[in-house]
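In the numbering used here, the protein residues as written are 23 to 414.
Glycine included, every Cβ here is placed at the ideal spot set by N, Cα and C.
From a predicted model like this one, the values you see are computed outputs, not experimental measurements.
Data block below; observations after.
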């Protein structure tokens, strides 16, 4: 398996194109935000530390409908302008290390951050979705997945709610009305994997064989559904660490259900957000459960979060590996018959797509989910059959 991981790194990180990341390396970000429910807005400050690798006239950060209040480069207020979705800073940057870029901003996000239930009967929640919706809609950040930054997040919000974000909670200050939550990351990630989930939750914690905390959130009134919803989580986590041969790359792993989510689940770094339609009890588990989505988003923590395709041409690798390793985890739980039946069903879907004239290449960034997920998984299955399980 380690040979395949090394090959994946080679495939994803060769053939780079000329882009800002060749001139500037953003290393860390200190984010401090407050979220206002009444006007569905967010205000805050982000401080980036970055190195200039080569001389460059100007640099940019993505900013989608953000109101920029102040911007300082190395404590000096800078001239800036916005063109399209980019906030440009013109300075004539020379090679240097540990520069600071401080930005104060506010916005009422039109996408990527969603306020659910505050003005209707649904549960009061706030959650984010960066992939496809752009984290730069609520934070000055980077739409380019190749710009990876170590993000640390401080969030101030109503003390009645739980606030969950990427990384490890290292500080929690409870005030009279609000609580300040401080989350720490130790490794860089792409901006689209930034996440916040806010709501009324309890949680249960298990520990993987490697010692990684597995935090599983649930609605307090549905505590009886926590076990069937998260069933097999530890078994699948332990299996993937062993099968992939690379330790889980983040400090902990959290899973949070939310209402009206856009997809089945999203593999934000160390924090999977998933649709609460997967919450189930022991009886409902038989007909519909979270096991496959759980395994798929977990696999993405390696394939997609740790190793990220540099462009849409290789998006199939992220989805193909996540789909295939989810299937391997289920094979470990449910046996060979289940495994081969699922592969058969994947093949049938691909055949139907082909007969409808909609079959596309794995390398086509506009291919369907069926192609990325199911065809990608089949490609990896065939590779494993060709080279043998040991070499794979």
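For residue i, list the residues DSSP reports as bridge partners.
i: residue 186; result: 219
i: residue 172; result: 50
i: residue 74; result: 46, 118
i: residue 206; result: 190
i: residue 224; result: 240
i: residue 232; result: According to DSSP, which records beta bridges pairwise, residue 232 is partnered with nothing at all.
i: residue 387; result: Paired residues: none, contrary to the question.
i: residue 109; result: 83, 104
i: residue 65; result: 56, 128
i: residue 89; result: 128
i: residue 276; result: 237, 293
i: residue 94; result: 99, 124
Quick one: Cα of residue i to Cα of residue j, how far?
i: residue 37; j: residue 349; result: Because residue 37 sits at a pLDDT of 36, beneath the cut-off of 50, its placement in the model cannot be relied upon, and the point is left open.
i: residue 110; j: residue 228; result: 45 Å
i: residue 232; j: residue 268; result: 11 Å
i: residue 100; j: residue 125; result: 10 Å
i: residue 240; j: residue 250; result: 11 Å
i: residue 199; j: residue 178; result: 10 Å
i: residue 86; j: residue 295; result: 23 Å
i: residue 167; j: residue 328; result: 12 Å
i: residue 59; j: residue 413; result: 53 Å
i: residue 243; j: residue 347; result: 33 Å
i: residue 256; j: residue 272; result: 16 Å
i: residue 29; j: residue 117; result: Residue placement at residue 29 is poorly supported in this model, since its pLDDT is 47, which falls under 50; the coordinates still yield a value, given next. Their Cα atoms are separated by approximately 33 Å.
i: residue 34; j: residue 141; result: Residue placement at residue 34 cannot be trusted, given a pLDDT of 44 that sits under 50; what the coordinates show is reported in the next sentence. Straight-line Cα distance between these residues: approximately 44 Å.
i: residue 92; j: residue 209; result: 28 Å
i: residue 195; j: residue 181; result: 10 Å
i: residue 79; j: residue 42; result: 11 Å
i: residue 164; j: residue 390; result: 25 Å
i: residue 32; j: residue 335; result: The predicted position of residue 32 is uncertain, since its pLDDT is 40 and thus under 50; a value taken from the coordinates is nonetheless stated next. Taking the straight line from one Cα to the other gives about 15 Å.
i: residue 258; j: residue 51; result: 32 Å
i: residue 292; j: residue 102; result: 34 Å
i: residue 363; j: residue 115; result: 58 Å
i: residue 333; j: residue 357; result: 35 Å
i: residue 325; j: residue 331; result: 9 Å
Look up residue i in the DSSP assignment and say whether it is helix, strand or coil.
i: residue 32; result: Confidence at residue 32 is low in this model, with a pLDDT of 40, below 50, so its placement is unreliable and no value can be given for it.
i: residue 38; result: Unreliable positioning characterises residue 38 in this predicted model, as indicated by a pLDDT of 36, which lies under 50. A coordinate reading is not provided.
i: residue 354; result: helix
i: residue 413; result: coil
i: residue 99; result: strand
i: residue 198; result: coil
i: residue 349; result: helix
i: residue 27; result: In this prediction, residue 27 has a pLDDT of 47, which is less than 50 and means its spatial position is unreliable; what the coordinates show is noted afterwards. Residue 27 falls in the helix class under three-state DSSP.
i: residue 331; result: coil
i: residue 382; result: coil
i: residue 246; result: helix
i: residue 213; result: helix
i: residue 179; result: strand
i: residue 361; result: helix
i: residue 342; result: helix
i: residue 268; result: coil
i: residue 403; result: helix
i: residue 261; result: helix
i: residue 13; result: Not covered by the structure: residue 13. The range shown for the chain is 23 to 414.
i: residue 282; result: coil
Check whether the Cβ atoms of residue i and residue j lie closer than 8 Å to each other.
i: residue 369; j: residue 344; result: no
i: residue 121; j: residue 107; result: no
i: residue 46; j: residue 81; result: yes
i: residue 220; j: residue 274; result: no
i: residue 160; j: residue 134; result: yes
i: residue 70; j: residue 123; result: yes
i: residue 191; j: residue 129; result: no
i: residue 315; j: residue 186; result: no
i: residue 218; j: residue 150; result: yes
i: residue 305; j: residue 247; result: no
i: residue 225; j: residue 237; result: yes
i: residue 353; j: residue 307; result: no
i: residue 175; j: residue 214; result: no
i: residue 281; j: residue 375; result: no
i: residue 365; j: residue 337; result: no
i: residue 263; j: residue 317; result: no
i: residue 372; j: residue 388; result: no
i: residue 323; j: residue 289; result: yes
i: residue 48; j: residue 169; result: yes
Within 8 Å (strictly less), CB to CB, does residue i reach chain B?
i: residue 43; result: As a matter of chain content, chain B is missing from the structure shown, which is built from one protein chain.
Please list the segments of the beta strand (DSSP E) lying wholly inside the stretch 288-324, counting only runs of 3 or more residues, in order along the chain.
-> Complete beta strand (DSSP E) runs here, min 3: 293-297.
Every unbroken alpha helix (DSSP H) within the stretch 131-166, with a cutoff of 4 residues, ordered by chain = The qualifying runs do not exist here; there are none.
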